[in-house]
Amino acid sequence: MATVVEPQVTTYQQYIDGAWVGAASGDTYEVINPSTEEVIARVPSGGRADAARAVAAARRSFEAGDWRNKTQAQRTEIMYQIARHLQEVSGDWAMVESQNSGGTIRKTSVADVPLAIEHFRSLAEQALQIPWYEPLPWIDIPNVSWNFVQREPVGVCTGIVPWNFPIMMAVWKIAPAIAMGNSAVLKPSPLTPLTALLLARAIDETGLLPRGVVNVITGPGTDIGEELVGNPDVDKVAFTGSTATGRRILEMAAQTIKKVTLELGGKSANIVCADADVDLAVDGSLFATFFHQGQVCESGTRVYVHESIYDGFLAKMVDKAKSLVVGDPTDFSSQVGPVISRAQYDKIMAAIERARGDGGVIECGGGRPAGAGDKGFYIAPTVITGLPDGSAASCDEIFGPVVVVHRFSDEGEVVARANGSMYGLAGGVWSRDTRRAIGIAKQLRTGTVWVNDWHMINVLAPFGGYKQSGLGRELGTYGLKEYTEVKHIHVDQGVPRAERFFYDVVLS
Ligand code: NAD
Numbered sequence: 028m029a030t031v032v033e034p035q036v037t038t039y040q041q042y043i044d045g046a047w048v049g050a051a052s053g054d055t056y057e058v059i060n061p062s063t064e065e066v067i068a069r070v071p072s073g074g075r076a077d078a079a080r081a082v083a084a085a086r087r088s089f090e091a092g093d094w095r096n097k098t099q100a101q102r103t104e105i106m107y108q109i110a111r112h113l114q115e116v117s118g119d120w121a122m123v124e125s126q127n128s129g130g131t132i133r134k135t136s137v138a139d140v141p142l143a144i145e146h147f148r149s150l151a152e153q154a155l156q157i158p159w160y161e162p163l164p165w166i167d168i169p170n171v172s173w174n175f176v177q178r179e180p181v182g183v184c185t186g187i188v189p190w191n192f193p194i195m196m197a198v199w200k201i202a203p204a205i206a207m208g209n210s211a212v213l214k215p216s217p218l219t220p221l222t223a224l225l226l227a228r229a230i231d232e233t234g235l236l237p238r239g240v241v242n243v244i245t246g247p248g249t250d251i252g253e254e255l256v257g258n259p260d261v262d263k264v265a266f267t268g269s270t271a272t273g274r275r276i277l278e279m280a281a282q283t284i285k286k287v288t289l290e291l292g293g294k295s296a297n298i299v300c301a302d303a304d305v306d307l308a309v310d311g312s313l314f315a316t317f318f319h320q321g322q323v324c325e326s327g328t329r330v331y332v333h334e335s336i337y338d339g340f341l342a343k344m345v346d347k348a349k350s351l352v353v354g355d356p357t358d359f360s361s362q363v364g365p366v367i368s369r370a371q372y373d374k375i376m377a378a379i380e381r382a383r384g385d386g387g388v389i390e391c392g393g394g395r396p397a398g399a400g401d402k403g404f405y406i407a408p409t410v411i412t413g414l415p416d417g418s419a420a421s422c423d424e425i426f427g428p429v430v431v432v433h434r435f436s437d438e439g440e441v442v443a444r445a446n447g448s449m450y451g452l453a454g455g456v457w458s459r460d461t462r463r464a465i466g467i468a469k470q471l472r473t474g475t476v477w478v479n480d481w482h483m484i485n486v487l488a489p490f491g492g493y494k495q496s497g498l499g500r501e502l503g504t505y506g507l508k509e510y511t512e513v514k515h516i517h518v519d520q521g522v523p524r525a526e527r528f529f530y531d532v533v534l535s
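If you want the numbering used here, it's the position in the sequence shown, counting the first as 1, plus 27.
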């Protein structure tokens, strides 16, 4: 008789105030592998009380000052040591990330884990460039005085992140916060908490950060999230996720006028000019759309191809899309893995059906890939044509392996169509004429534009959205400054009372 092998289920705890703890309620929930639909971990189902406890720990550590009062050089050096430790202990993180998020092992081992550690290190390094003290020019109006700007940490910073790039998103929230002397509380997506907890474990192992400077709590969004946004002891909220939740966070943050940065959704336009290198643009457009099953906020999911090359471009794109290997993300031969959850799978399938109903031509994909069996949230790479710009599939973020291809005839027209979106996260232009490409790039109302490339997020560059794609920027010195306050200090230079004529407005 065959032996039934139960999948191994690992139990995790939350990291609060330097200790590993369960939820205050004692509740746990199960974490699912989206490729097998099996339970792979059990995690505390934290709630408001856990969030309040983590915020209190962060506040205590901030007020105690052991971290914020270090010099920038000391903080950066400690973060370098942590980054070295992350490198040593992260051998199995790519596999955990693949099993939990459905990201292919090709992606998690080449991009997610090594880049997350490099971003942690680089943000610590870039923090050395932020001026903590800037003298202002001497001024004698209203009175001779010496003025300077002092930069300070914001305080307690909470980070709320989605499920698509769990380790990367954890680093994008924790690293800039602590680099600038703040204390941090991170809430990963309930679907993908594992690598954020491994990150916390590794930080804890170093013993280099004072208690309470980094906290990671797990559980459903609404209760925890509302505490992390509403608690008066929180000074800044950094959120990555959907535009709908971003709106809710902004509303909640308004009650206590919190500093908020938001990285939200997108529907990025990918413009392929008549003079593009077609083979490169086809590969680039497939990469722009199907990398991580299209579950990337800046995916190039609206492709505009010049009419003179449209037919050849589309034929090549569809041929290659059909040849992509969809399968087990932990297998190095898989190019496309499953989407994250049953809910996301159903949402994407419904969007494809809607596109079909709106008159779209499903050039390839449009359902489960052949041979996928009935387990796992797999969707075949889907290319759709024949839809107007105003159709749902052309406007809404589908967040799955679905791309809509349109044709265009002139540059002014395509720029207007590309900008005709409520989103403004990213865009791209393919052309052999760099001057033309840059000319188009400058007209796109988006936070990032790639010329003859896609997905090249750069840790030195600001990342964020125009319009409803977000508020503020992450990464680079632009992102680090979001984690500071600036204070103007005015020092009188001994101006005699008789010359203080503004006093006379009240006193003469
Ligand atoms: P989501 O908005 O549902 O959830 C994001 C996070 O917010 C999760 O941790 C969730 O638990 C939490 N949350 C949910 N409701 C909350 C509430 N009321 N208060 C506080 N927190 C709450 O998004 P998702 O489904 O996890 O992720 C997919 C979305 O994220 C997509 O729309 C995508 O475009 C966006 N995204 C944007 C970026 C970016 O950088 N711009 C990056 C990745 C994902």
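Note that CB positions come from ideal geometry on N, CA and C, so glycine has one too.
These numbers come from a predicted model, not from an experiment.
Flag this pair as yes or no: are the beta carbons of Val-66 and Ile-298 separated by less than 9 Å? Cβ atoms of Val-66 and Ile-298: not closer than 9 Å.
Might you give, ordered along the chain, the residues of its own chain that have their beta carbon closer than 8 Å to the beta carbon of Gln-470, omitting 5 neighbours on each side? Val-442, Asn-446
Can you tell me whether DSSP reads Ser-172 as helix, strand or coil? When DSSP states are grouped into helix, strand and coil, Ser-172 belongs to the strand group.
Grouping DSSP H, G and I as helix and E and B as strand, with all else coil, what is Phe-435? strand
Secondary structure at Met-28, three-state DSSP: helix, strand or coil? Caution applies to Met-28, whose pLDDT of 47 falls short of 50 and renders its modelled position unreliable; the value that the coordinates give is listed next. Coil, per DSSP.
Is it a yes or a no for the segment 459-477 touching the segment 292-311, going by three-plus beta-carbon pairs under 8 Å? Cβ pair count under 8 Å is three or more, so yes.
Limits of the unbroken alpha helix (DSSP H) element including Glu-145: Unbroken alpha helix (DSSP H) run through Glu-145: 140-153.
Apply the 10 Å Cβ neighbour rule to Arg-369 and answer buried if 16 or more other Cβ atoms are within range, or exposed otherwise. Classification for Arg-369: exposed.
Taking only heavy atoms of ligand 1 into account, decide whether any of them is closer than 8 Å to the Cβ of Phe-192. yes
So what does DSSP say about Ala-271, is it helix, strand or coil? In the three-state DSSP reduction, Ala-271 falls in the helix class (H, G or I).
Under a three-way DSSP split, which group does Glu-104 fall into? helix
Coarse secondary structure for Ala-76, derived from DSSP in three states: DSSP places Ala-76 in the helix class (H, G or I) of the three-state scheme.
Select from Met-207, Val-123, Ser-117 the residue whose C-alpha is nearest the C-alpha of Met-106. Met-207
Can you tell me the Cα-Cα spacing of Glu-501 and Val-243, whole angstroms? 20 Å
Gly-497: beta carbon under 8 Å from a heavy atom of ligand 1? Yes, Cβ of Gly-497 sits closer than 8 Å to a heavy atom of ligand 1.
Determine, using beta carbons only, whether Ala-197 and Ala-204 come nearer to each other than 9 Å. no
Endpoints, the beta strand (DSSP E) within which Lys-514 is located: 511-519
Note down the Cα distance separating Gln-99 from Gly-186, rounded to an integer number of angstroms. 22 Å
Comparing alpha-carbon positions, which option in Leu-414, Ser-361, Glu-161, Gly-74 lies nearest Ser-125? The candidate whose alpha carbon is nearest that of Ser-125 is Ser-361.
Hey, which unbroken runs of the beta strand (DSSP E) at 3 residues or more fall wholly within the segment 180-225? 183-187, 210-214
Give me the residue from His-517, Thr-249, Gly-474, Gln-320 with the minimum Cα distance to Pro-164. His-517
From Gly-273 to Leu-289, what does the alpha carbon distance come to, in whole angstroms? 7 Å
Just checking my contact of Pro-5 with Ser-172 at CB under 8 Å: how many whole Å lie between their CB atoms? As displayed, the chain neither begins before 28 nor continues past 535, which places residue 5 out of reach and without an answer.
At what residue ranges does the segment 263-346 contain a whole run of the beta strand (DSSP E), taking only runs of 3 or more? Fully enclosed beta strand (DSSP E) runs of no fewer than 3 residues occupy 263-267, 286-290, 296-299, 329-333 of the segment 263-346, in order along the chain.
How many angstroms separate the CA atom of Glu-278 from the CA atom of Ala-265? 14 Å
Under 8 Å from any heavy atom of ligand 1, does the C-beta of Cys-184 make it? no
Kindly indicate the opening and closing residues of the beta strand (DSSP E) around Arg-69. 66-71
Please list, in chain order, all residues of the same chain as Gly-354 whose beta carbon is under 7 Å from its beta carbon, the five residues on each side excluded. Hits under 7 Å: Ser-361.
Tell me the DSSP bridge mates of Val-430? Val-410
Using 8 Å for Cβ pairs, my map puts Val-430 next to Leu-221. What's the rounded Cβ distance? Between Val-430 and Leu-221 the beta-carbon gap is near 30 Å, outside 8 Å, which marks them as no contact.
Return yes when the C-beta of Gly-73 is under 8 Å from any heavy atom of ligand 1, and no when it is not. no
Heavy atom of ligand 1 less than 8 Å from the Cβ of Pro-61, yes or no? no
Classify Thr-55 as helix, strand or coil using the three-state DSSP reduction. For Thr-55, the secondary structure class from DSSP, reduced to helix, strand or coil, is strand.
Please classify Ala-68 as buried or exposed, where buried requires at least 16 neighbouring CB atoms within 10 angstroms. buried
Under the three-state DSSP convention, the category Val-352 falls into: DSSP places Val-352 in coil when its eight states are reduced to three.
Member of Leu-341, Gln-108, Ser-312 whose CA lies at the smallest distance from the CA of Ile-230: Of Leu-341, Gln-108, Ser-312, the residue nearest in Cα terms is Gln-108.
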